[in-house]
Structure formats: C-alpha cells, structure tokens
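Enquirer: To convert, note that position 6 of the sequence shown is 5 in numbering that gives the first Met the number 0; the numbers rise steadily by one, no gaps.
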Amino acid sequence: MAKVDTTIRLDVPADKVWSLIGGWVALPDWLPGIEACASEDGGQIRRIKTADGRTIVEELRFADNLKRAYSYNILAGIDAVSNYIGTLGVAEDGDGCVVTWSAEFDPVGAEDAAVAGIRNTFESGLQAIKAAFGG
C-alpha cells in the first residue's frame with residue numbers, strides 16, 4: 000500500500016477555508032482541472048468531470064463539518080490506483096489553519112507513477128487553495 004500526505008499552512012481562519020473546500024461537490028470551486036461535480040445516490044456519490052474529459056466517481060465514507068474533514072473512496076476513473084481512501088481536512092493552527100490532504104492506495108502498475116500523480120493533484124490543489132486566499 001502506498002501513501003501520500005500533503006499539508007499547507009495558511010494565515011486564514013479554518014472555518015473560512017472549510018467554507019471553500021468542505022462541500023462534497025465543491026471541487027470545481029478550488030481544484031484545478033475539475034470542470035463539474037455532481038452528487039448522486041442521496042449525496043453519497045460524486046461524479047467528477049475533468050477538463051480533459053475523464054469522469055471520476057467517488058464515494059463519501061465519512062464527513063464531519065464540525066471537525067472540518069471528510070474521507071472518500073475512488074470507485075472509478077483513476078486506473079493507476081485501487082483500494083484508494085483519501086481524506087481532506089482543515090485544522091485550526093493559531094490565527095490560521097493547516098490543510099491536510101492524504102491518501103492510501105494500492106498502485107496499479109508503476110508505484111512511482113501512481114504516487115507522483117496523486118501527489119501532483121494534491122499539491123496543485125493546496126496551492127490553488129492558498130492562491131484563493133491571496134497567498
């Protein structure tokens with residue numbers, strides 16, 4: 000099993016950051032390369048449409064707005080990984096916050112390529128969050 004952990008500290012209140020990224024279908028609001036995201040199955044499934052025309056299907060495992068975190072599985076659309084469990088969260092840190100995005104998964108094929116692809120997505124997402132708040 001491979002693991003990717005990314006974090007960024009922002010001088011922005013945690014609740015303000017969570018209001019941007021915490022919605023289950025809010026990905027198009029902050030994650031580069033995401034054109035659309037819609038919920039299905041009573042909100043437990045999200046169908047993501049990427050800018051390059053791919054469709055990714057994810058299932059919500061856990062969500063807690065008070066703790067500002069959710070975790071999810073990838074069901075379809077990312078061929079380089081299986082048994083993927085990701086977690087996105089925002090924690091208070093003094094006058095600011097720390098955003099953490101992590102995942103554990105089994106690579107399908109080359110592990111280095113799968114890890115690099117997930118890490119690239121996470122890091123570009125964290126940089127986009129930072130940019131959204133003037134950083």
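Positions of the beta carbon are idealized from the N, C-alpha and C atoms, including for glycine.
Smallest Cα separation from ALA168: which of GLY95, GLU122, SER18?
Expert: This structure does not reach residue 168, given that the chain is present from 0 up to 134, and the question cannot be answered.
Enquirer: Report back the beta-carbon spacing between GLY116 and LEU9 to the nearest angstrom; my notes put them in contact at under 8 Å.
Expert: Actually they do not touch by this definition, with Cβ atoms about 24 Å apart.
Enquirer: Hey, out of ASP92, GLN126, GLY76, ASP78, whose CA is closest to TRP100's CA?
Expert: Among ASP92, GLN126, GLY76, ASP78, the Cα nearest to that of TRP100 belongs to GLN126.
Enquirer: According to DSSP, is ARG67 helix, strand or coil?
Expert: Note: ARG67 maps to coil in three-state DSSP.
Enquirer: Based on Cα-Cα distance, which residue from ARG60, ASN64, PRO31 lies nearest to LYS48?
Expert: PRO31
Enquirer: In angstroms with no decimal places, state the Cα-to-Cα distance between THR86 and GLY133.
Expert: About 24 Å.
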